[in-house]
Amino acid sequence: DMEIDFKEKNEWNFSGLKAGDKKEIWIVDEAGMVGNSAMRSLMQAAEAKKAKIVFVGDKNQLLPIAVGNSFAHLVKNCQIATVTIDEIQRQKQKDLLQSVKESVLGSVAKSLEILDMNKDVQQIANRKERMKEMVKEYMNLSQAERKKTIILTADNQDRNVLNTTIRKELKKTGHLAPGHVAKIEDS
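For what it's worth, the working numbering labels the leading residue of the sequence shown as 65, then goes sequentially.
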């Protein structure tokens with residue numbers, strides 16, 4: 065018997081790994097977050113199992129959570145085959161679509177310029193007023209429109225405020241039943 069301290073583990077032994085009976089494809093989402101050590105281990109394991117790896121991610125979006133940006137390095141140096149998805153699906157309005165394209169290409173100033181010209185885009189500088197207006201807009205939607213609507217926000221604090229406030233409003237209007245409260249006491 066051997067004890068392994070996984071908190072301190074930084075190397076893996078793949079000598080016992082063998083290829084399976086069936087072909088394997090491993091999908092790694094948000095591959096840009098994989099550091100060098102984990103990437104090396106992943107590649108060694110895939111080689112031992114004769115598995116193919118599909119990395120999904122944007123090398124510029126999320127940084128690795130450990131040392132090294134191996135995914136960006138692999139892409140930059142053409143060490144892995146890459147496919148770029150550049151057809152934007154979410155935006156249907158031409159000006160909003162163009163704004164998103166400009167931001168993806170790195171031209172944030174041009175993207176914001178396009179948004180400034182769009183009469184449907186509102187900018188409310190005061191956070192409290194902005195939150196209030198977002199809740200009001202959401203509550204003014206029909207139930208069918210609400211099912212097709214998502215609210216995007218940049219941080220968890222705003223997400224929590226919006227979720228809590230919208231839930232309160234939905235309870236007030238009878239569109240959301242109150243939850244059950246359970247009280248747990250120490251014995």
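We put the CB at the ideal spot given by N, CA and C, even for glycine. Since this is a predicted model, take the numbers as computed values, not measurements.
- Distance from Thr217 to Leu205 at the Cβ level is roughly 17 Å; contact not present, criterion being Cβ atoms closer than 8 Å.
- For the pair of segments examined, the stretch 129-143 was found not to touch the stretch 163-174: the number of CB pairs separated by less than 8 Å stays below three.
- Listed as beta-bridge partners of Val118 by DSSP are Ile91.
- With respect to the 8 Å criterion, Asp222 and Met203 are not classified as neighbours on the basis of their beta carbons.
- For His137, the enclosing alpha helix (DSSP H) has its first and last residue at Ser134 to Lys140.
- Comparing alpha carbon positions, the residue from Lys174, Ala208, Arg210 and Asp159 closest to Val185 is Asp159.
- Taking all protein chains in view, the Cβ of Ile178 is crowded by 16 or more other Cβ atoms within 10 Å, so the residue is classified as buried.
- Judged by DSSP in its simplified three-state form, Gly99 adopts coil rather than helix or strand.
- One alpha carbon belongs to Ala110, the other to Lys183, and they sit about 51 Å apart.
- Here the alpha carbon of Leu240 sits roughly 9 Å from the alpha carbon of Glu233.
- Our two residues, Ser105 and Lys86, have alpha carbons roughly 21 Å apart in a direct line.
- Only residues of its own chain outside the window of five on either side were considered, and among them Trp76 and Phe78 have a CB closer than 8 Å to the CB of Gln108, listed in chain order.
- In chain order, Ser175 place their CB closer than 8 Å to the CB of Ser167, counting only its own chain and leaving out the 5 sequence neighbours on each side.
- Contact check for Leu138 against Lys113 fails: the beta carbons are separated by 8 Å or more.
- Cα atoms of Thr229 and Asp180: separation of roughly 28 Å, rounded to the nearest angstrom.
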